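See below for the structure under consideration.
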Amino acid sequence: MGLGGGAWRRLSAVLLVMAVAAGCTGQGESAGGGNDEDLLRNHDWTQMPGTTARNGILRVSASDRHIVEQDSSGDQPNPPLNLAGPHLRSDGDFTVTARMSGVGDDAGDSWLRLYGRVPVIYDEWRQERPSLRVGVRADGRVRVQIWDGEDDEPATSKDFECGCSGTVTLAVSSIGDTFRVNADGRQLGTVQDPGVFAEGTVWFGLEADTGEDERREGWHLTQLIARPESGDSLRVIKAPQLRQEQSDDSLRARAADVGRPFDVGTALAENPLLTDSRYRALAGSQFSILTPENAFKPQFLHPRRGVYDFRDADLLVRFARANDMKVHAHTLVWHEALPNWMRENDDPEEVRRTMLRHIATVAGHFKGKVAEWDVVNEPMSDEKSYTNGNLGLRSEQSPWYEAMGEEYIDEAFRAAHRADPKAQLFLNEYGVEEEGERWDALYDLIKRLKERGVPIDGVGFQNHEYTPGDRTAPETFRSHVQDLAELGIEARVSEMDVPIGEDEKDGRQTQADEMAGKLRVCLEEPNCTSFSTWGFTDRYGSTADTKIYPPRTADSLPWDTDLRPKRAYERLLEALRAAP
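This is the structure:
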C-alpha cells in the first residue's frame, strides 16, 4: 500500500531529523537531498547580535536585551535576529531543523525564533509581529510559543515533555495550518498555526536565557537546515546590498548645492532597513546624514554590565559608509533608554565611573566612524518652574544628575572628546524652539559650559510638534539659532516631526509649512549645519499610537505609510532649491 501525501510528508520530516541527528551531513553538502539548504555553514551569521561564530558553529550567549519604558516602570524583551544573514522565501510547507548543544540540565533556556514578519521598534517600544519560538527549557521540556501580531505576549504557549539535554536536534514543520514539532526523531506534538508565515518569509533569531546566573555560557548551534515539503519551493535569500542608487533630484542632492556644507537627514531603524527594500532605497538616496533611532542607546548596545554588542549599530554605520552619508550618533548620556543595571547603584563615584566607562567604550569603538555625537540628551527639566535650585536641569529620574549634579554634563563632554577628538559634540533638547523659561535655562547652561571650557560644539533643536500648541514661528526659532551663534555654538534641527489630526483642516499643508519654515531658517543661518526628521515614513514613525495593538500609524513625516511623498517632501525640496 502506498503512503498518502500527509503520511509521506511526516515520514520525510522524521527521516530528515534522524539523518541530521546521526551526523550524516558534511560541511558544504546538502542534508539529505538536493532541495535541502544548510543555512549555517553556507551563509553569514557574523552580524547576529549575541552570537560568536567559529568553524561553522554559533555560540549563543545571553544578551538580556530589553526595552525599558520611559518611566522605568517595566520593560519588553528585545531579542536579536539575524538581519544581515539569510532568510527564507517559501510558497508552501517547509521544515527547519536545528541541532543545539549544551542545552537542558539547568543550562538555561535555549531558543530558535522564526519570524514571519520582523518586529517593528517604534522608538523604544517593540511591536511583535507573527513569529514562532521553539526551544529547550532548563528542565528538559520543549516549549513552543506563537505570536500572532495582535499582542506583545504569545497567543499560544505549549510545553512538551522531552527529557532533552546535551545535544538535541529540534525540527519544526509548517504543514498547512499546523506546526509539527520533533526532537531527536520523536514527534512531540502539534500546534495550530494562525498564519505565521502567510507572507512567505522566514527570518531567524537565536536566544539564550541564563537567568540570574551569569556563569552559564549559553548554548551552541551546530547545524541549521531548511527544506521544502510536498513539492513546494523554498529559496534562501541573502542580505541585500547596502549601496543604493542615487538621484539628481533628491533632498541630499539639493542640499549639496546650497553653497556651504549642509546636510539633510533622518533617523533610521535597522529592522526595516534590511527587510523593506523601498525604505532602504529612500534612506540611501534621499539623505546625507543619518541618526540611529535606537541602536546607539545604552539599553540596546550595553544591556549588561561590561557586555557590549555593537552589531546593530555597526550595521547602520556600514550603511552610511556605503551611501556616502554621515552619522550623527545618538546618544551617549540620557536619563531614558538605560538598561536596568545602570540604575541599580547609589554610590555616586560608581555611577560616575559607569558613565565614563560607557562613553569611553562606545565613543572609542566608533572613533573616526561617526561625524557627530549627541553627548547629552534632554538634560533640561520638565518642571513648570525653574526656581527650585537646579538651574533648570532635570534632577528627577536622572542617575547622572543625582550622582554628580550639573558637573555630569562637563564630564560627559570631556570624556567624549577624549575618546573621539575629531567628532562634533552636541547637546540635544526638545521644547527649546519656543520662548520661555526652558529656552532661557538652556541658553544659560550653554554659557556656563563655554565659560568652563567644556568642548561643546552645538545644540540640537528637536522640533517635535506633537500638538498645535507645540508649533513655533520660524522667526522665534531663528532668534535662538542666532543667540547660539553669538556664543560660537552651532545649531541643527535634529528630530522634527509634525503629527496632524484626522480632523485638522489643511493638516498636510500645515505640516509642510512647519517643516519647510524650519529648514529655511537653517539654510539662512550660517551656524545651522543640518536639518533632520525623526524618521521619514509614517509606516515606521515613532508617533504611532501604541496604546492599541497593532499600533495605529500617525500622519507625521514627509512620506506616508505607502512610502509615497507628501506635500512636506515637495516643500522641503523647494526650500533647498531656493537656498541662498
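In the working numbering, the protein residues as written are -9 to 570. Where is the CB? At the ideal position from N, CA and C, for every residue including glycine. Since the model is a prediction, treat every value here as computed from it, not as a measurement.
As assigned by DSSP and simplified to three states, the class of residue i
i: Phe194; result: strand
i: Trp331; result: helix
i: Arg347; result: helix
i: Met505; result: helix
i: Asn261; result: helix
i: Arg554; result: coil
i: Cys512; result: helix
i: Leu214; result: strand
i: Ala74; result: coil
i: Val422; result: coil
i: Glu362; result: strand
i: Arg461; result: coil
i: Thr157; result: strand
i: Trp137; result: strand
i: Phe84; result: strand
i: Pro67; result: strand
i: Val352; result: helix
i: His454; result: strand
i: Met38; result: coil
i: Asp299; result: coil
C-beta contact flag for residue i and residue j at 9 Å
i: Leu328; j: Gln289; result: yes
i: Pro69; j: Glu197; result: yes
i: Arg438; j: Asn313; result: no
i: Pro67; j: Asp302; result: no
i: Gly106; j: Gly185; result: yes
i: Val50; j: His292; result: no
i: Leu104; j: Val126; result: no
i: Phe451; j: Val483; result: yes
i: Ala506; j: Ala558; result: yes
i: Arg250; j: Leu566; result: no
i: Glu260; j: Pro230; result: no
i: Glu515; j: Arg468; result: yes
i: Ala257; j: Glu485; result: yes
i: Asp158; j: Ser267; result: A small fix is needed here, since residue 158 is Val in this sequence, not Asp. Taking 9 Å as the Cβ cut-off, Val158 and Ser267 do not qualify as a contacting pair.
i: Asp535; j: Glu492; result: no
i: Ala631; j: Pro120; result: Only positions -9 to 570 of the chain appear in the structure, and residue 631 is not among them; the question remains open.
i: Trp193; j: Val108; result: yes
Nonlocal neighbours in the same chain, by C-beta distance under 8 Å from residue i, ignoring five residues either side
i: Tyr539; result: Gln117, Glu140, Asp141, Asp142
i: Tyr269; result: Pro262, Leu263, Thr527, Arg529, Tyr530, Leu553
i: Pro458; result: Glu494
i: Ile436; result: Leu417, Ile446, Val449, Leu474, Leu477, Ile479
i: Arg561; result: Ala502, Asp503, Met505, Ala506
Residues near residue i in its chain [Cβ-Cβ closer than 6 Å; skip 5 each side]
i: Cys584; result: Outside the displayed range of the chain (-9 to 570) lies residue 584, so it cannot be described from this structure.
i: Gly354; result: Ala409
i: Ser80; result: Gly190, Leu224
i: Trp549; result: Phe526, Thr527, Pro555
i: Asp167; result: Asp183
i: Asn32; result: none
i: Glu564; result: none
i: Ala145; result: Ile136, Asp138
i: Phe252; result: Ala245
i: Asp222; result: Asp81, Gly82, Asp83
Integer Cβ distance of residue i from residue j, believed to fall under 8 Å
i: Arg498; j: Lys440; result: About 41 Å separates the two Cβ atoms, so there is no contact after all.
i: Ala393; j: Val341; result: 4 Å
i: Val366; j: Ile399; result: 5 Å
i: Phe521; j: Val254; result: 5 Å
i: Gln658; j: Leu30; result: Residue 658 is absent from the model: the chain starts at -9 and stops at 570.
i: Glu427; j: Thr466; result: About 15 Å separates the two Cβ atoms, so there is no contact after all.
i: Asn72; j: Trp101; result: Incorrect: roughly 13 Å between the Cβ atoms, too far for contact.
i: Phe356; j: Ala405; result: 14 Å between Cβ atoms; not a contact.
i: Asp149; j: Arg131; result: 5 Å
i: Leu280; j: Val317; result: 6 Å
i: Gly195; j: Gly98; result: The Cβ separation is near 16 Å, so there is no contact.
Spatial neighbours of residue i in its chain, beta-carbon cut-off 7 Å, leaving aside the 5 residues before and after
i: Asp96; result: Ala128
i: Ala413; result: Val360, Ala361, Glu362, Trp363
i: Ala402; result: Leu322, Val323, Met345, Ile349, Val365, Val366
i: Arg510; result: Pro464, Ala565
i: Gln236; result: Ser275
Query raised in the report: Can at least three beta-carbon pairs, one atom from the region 52 to 61 and one from the region 319 to 334, be found at a separation below 8 Å?
Result: yes
Query - Meets three-Cβ-pair contact criterion under 8 Å: the region 222 to 229 and the region 150 to 169 - result: no
Query raised in the report: Using 8 Å as the threshold, is the region 83 to 93 in touch with the region 215 to 222, meaning 3 or more CB pairs across them?
Result: Yes, they touch.
Query raised in the report: Between the region 412 to 420 and the region 378 to 389, are three or more C-beta pairs nearer than 8 Å?
Result: no
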